[in-house]
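Read the structure below first, then the notes.
There are 2 protein chains.
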Amino acid sequence: MDDNLLQYIRRYIDISDSEFLVFSSYLSTLNLKKREQLLRSGDICRARYFITSGCLRLYYIDQKGHEQIMHFGIENWWLTNYDSLLNKIPSHLIIEAVEKTQVLELKEVSLQELYRKIPKMERFFRIIMERTYIATQRRIEFMYSMSGEEIFKGFIDANPEFVQRIPQYMLASYLGITPEYLSFLRKTP
Amino acid sequence: MDDNLLQYIRRYIDISDSEFLVFSSYLSTLNLKKREQLLRSGDICRARYFITSGCLRLYYIDQKGHEQIMHFGIENWWLTNYDSLLNKIPSHLIIEAVEKTQVLELKEVSLQELYRKIPKMERFFRIIMERTYIATQRRIEFMYSMSGEEIFKGFIDANPEFVQRIPQYMLASYLGITPEYLSFLRKTP
DNA sequence: TACTTTTCTTAAGATATCTTATTTTTTTTC
DNA sequence: GAAAAAAAATAAGATATCTTAAGAAAAGTA
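So the protein sequences, as listed, match chains Z and Y.
For the first sequence, position 99 (counting from the first letter as 1) is numbered 99 according to UniProt numbering, and the numbering increases by one without interruption.
For the second sequence, position 91 (counting from the first letter as 1) is numbered 91 according to UniProt numbering, and the numbering increases by one without interruption.
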């Protein structure tokens with residue numbers, strides 16, 4: 001379990017076994033049932049979550065009462081509400097398990113302490129942030145330039161296995177179309 | 001000029017005058033005329049740009065030949081194509097001056113050297129990245145939950161002075177609507 | 001000042017996407 | 001394994017937004 005994480009970290013920085021042990025000591029494992037929430041609307045987010053198995057979604061409820069999914073997170077992704085976490089403001093985003101999910105929790109206070117103990121973790125999280133940002137940029141570009149139909153077809157082509165894993169109405173929300181329209185698009189060849 | 005930058009950096013990290021001098025030595029000042037390009041389509045992006053005055057836009061040309069503006073940058077913002085910069089791939093995004101603009105150029109190779117000399121710059125750019133990401137997240141959320149009309153009205157309410165500064169067709173592109181539709185929305189009360 | 005280029009407006013017709021409502025299918029729960 | 005709940009499909013009508021095309025206004029240039 002933690003071995004997977006070690007490999008993941010070593011993709012980005014050199015870290016000794018002993019340093020990794022220190023890092024690990026700051027993490028706690030959480031097991032979530034389907035639909036269990038890690039972050040509730042109104043609460044201030046206090047931690048980052050590294051997903052070891054399963055799938056999370058980050059979403060909010062809009063004025064019309066509809067769920068809007070901003071992100072999904074799967075194995076080997078970090079997920080949190082950065083705005084709430086770093087600016088210490090109540091979250092209107094919800095983090096919830098789409099399926100049975102296991103995460104490693106890294107509390108933000110612990111992380112600040114960790115930065116002091118092992119300064120190179122600063123580098124690690126810089127790199128993670130850069131990569132997260134790039135992924136988001138690509139997504140914006142994708143959604144800017146295409147119609148709903150192209151977004152939908154492009155997404156299932158690029159992520160066929162993931163599409164199988166989540167309910168269709170969640171995919172629709174993530175892609176920014178209604179479930180009915182998605183259903184309509186599925187039919188058309 | 002550089003004093004403004006120093007203040008800006010000290011908002012996020014403690015940095016001594018001498019450390020700042022080292023940092024400054026890695027920067028070069030560039031002056032751009034309106035429409036001059038900092039990054040051309042097809043080139044690999046090699047630097048980050050800190051805008052000291054003026055306005056840049058980051059955009060691409062879509063399949064239909066239309067400009068799609070992903071971002072604007074104004075005073076005290078960093079702008080670059082992170083995907084091209086960090087993954088060393090040719091950029092299809094263009095960075096161009098909307099008006100007469102002055103930037104400080106920080107080459108990526110220099111930055112890697114700087115991280116070694118002054119490790120706390122690692123922290124600085126981590127924080128900048130986090131803030132940049134949060135700004136983008138907020139924007140996605142904004143655009144997800146609203147119609148074109150609401151996006152437009154919300155944006156001019158939030159950024160009245162900026163709206164004055166750029167041509168309307170650029171604003172339309174940034175907001176993801178056609179200039180004709182924007183023009184139509186402006187009339188309706 | 002006049003000329004050229006760029007930007008903005010207007011309006012009619014076209015279309016992508018949403019709404020609402022109903023039915024069918026699949027999944028969950030007891 | 002039956003009942004209940006959740007998810008998906010279907011379809012008709014409504015609407016937000018785009019397309020196209022032309023003319024007006026503004027800005028840049030000689």
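We put the beta carbon where it would ideally sit given N, CA and C, even for glycine.
Quantities reported herein were computed from a predicted structural model and do not represent experimental measurements.
DSSP beta-bridge partners of residue i
i             : result
residue 102/Z : 31/Z and 53/Z
residue 96/Y  : 37/Y and 57/Y
residue 72/Y  : 57/Y
residue 90/Y  : 44/Y
residue 78/Z  : 50/Z
residue 180/Y : DSSP output for residue 180/Y lists no bridge partner at all.
CA nearest to the CA of residue i, picked from the options
i             : options                       : result
residue 81/Y  : 172/Y, 57/Y, 104/Y and 75/Y   : 57/Y
residue 128/Z : 2/Z, 45/Z, 155/Z and 12/Z     : 12/Z
residue 159/Y : 74/Y, 66/Y and 69/Y           : 74/Y
residue 197/Z : 61/Z, 121/Z and 174/Z         : Residue 197/Z lies beyond the residue range present for chain Z, which begins at 1 and ends at 189; the question has no answer from this structure.
residue 175/Y : 184/Y, 148/Y, 110/Y and 49/Y  : 148/Y
residue 68/Z  : 65/Y, 38/Y, 116/Y and 145/Y   : 145/Y
residue 71/Z  : 91/Z, 151/Z and 171/Z         : 171/Z
residue 130/Z : 150/Z, 78/Z and 95/Z          : 78/Z
residue 85/Z  : 111/Z, 115/Z, 45/Z and 100/Z  : 45/Z
residue 110/Z : 29/Z, 14/Z, 23/Z and 152/Z    : 23/Z
residue 90/Y  : 173/Y, 60/Y and 98/Y          : 60/Y
residue 152/Z : 99/Z, 165/Z, 178/Z and 136/Z  : 178/Z
residue 150/Y : 165/Y, 137/Y and 181/Y        : 181/Y
residue 76/Y  : 100/Y, 64/Y and 49/Y          : 49/Y
residue 42/Y  : 155/Y, 92/Y and 132/Y         : 92/Y
residue 33/Y  : 162/Y, 99/Y and 137/Y         : 99/Y
residue 29/Z  : 17/Z, 115/Z and 2/Z           : 2/Z
residue 65/Z  : 188/Z, 187/Z, 132/Z and 173/Z : 173/Z
residue 114/Z : 25/Z, 156/Z and 184/Z         : 25/Z
residue 156/Y : 132/Y, 186/Y and 138/Y        : 186/Y
Per-residue contacts from residue i into chain Z (C-beta, under 7 Å)
i             : result
residue 49/Y  : In chain order: nothing, as chain Z lies at least about 16 Å away.
residue 119/Y : 119
Interface partners of residue i on chain Y, CB under 8 Å
i             : result
residue 125/Z : 126
residue 90/Z  : Chain Y residues near residue 90/Z: none, gap ~15 Å exceeds 8 Å.
residue 83/Z  : 134, 137 and 138
residue 70/Z  : 137, 140, 141 and 144
Inter-residue CB distance, residue i and residue j (contact presumed, cutoff 8 Å)
i             : j             : result
residue 9/Y   : residue 124/Y : 6 Å
residue 83/Y  : residue 140/Z : Not quite, the Cβ-Cβ distance comes to about 11 Å (not below 8 Å), so this is no contact.
residue 5/Z   : residue 105/Z : No, residue 5/Z and residue 105/Z are not in contact; Cβ-Cβ is about 13 Å, not under 8 Å.
residue 53/Z  : residue 102/Z : 5 Å
residue 107/Z : residue 47/Z  : 5 Å
residue 94/Z  : residue 40/Z  : 6 Å
residue 96/Y  : residue 37/Y  : 5 Å
residue 165/Y : residue 55/Y  : 6 Å
residue 154/Z : residue 142/Z : 7 Å
residue 136/Y : residue 188/Z : Their Cβ separation, rounded to whole angstroms, is 32 Å, which puts residue 136/Y and residue 188/Z out of contact at 8 Å.
Interface partners of residue i on chain Y, CB under 7 Å
i             : result
residue 129/Z : 126, 129, 130 and 133
residue 62/Z  : 145
Residue i: contacting residues in chain Z (beta-carbon distance under 8 Å)
i             : result
residue 136/Y : 133, 136, 137 and 140
Per-residue contacts from residue i into chain Z (C-beta, under 9 Å)
i             : result
residue 122/Y : 119, 120, 122, 123 and 126
residue 86/Y  : 127, 130, 131 and 134
Beta-carbon neighbours of residue i, restricted to chain Y and to distances below 9 Å
i             : result
residue 176/Z : 143 and 144
Residue ranges of each alpha helix (DSSP H) within the region 4-62 of chain Z, 4 or longer: 17-25
Extract the residue ranges of the alpha helix (DSSP H) inside the region 94-165 of chain Z, only unbroken runs of 4 or more that lie entirely within it. 108-117, 120-145, 148-158 and 160-165
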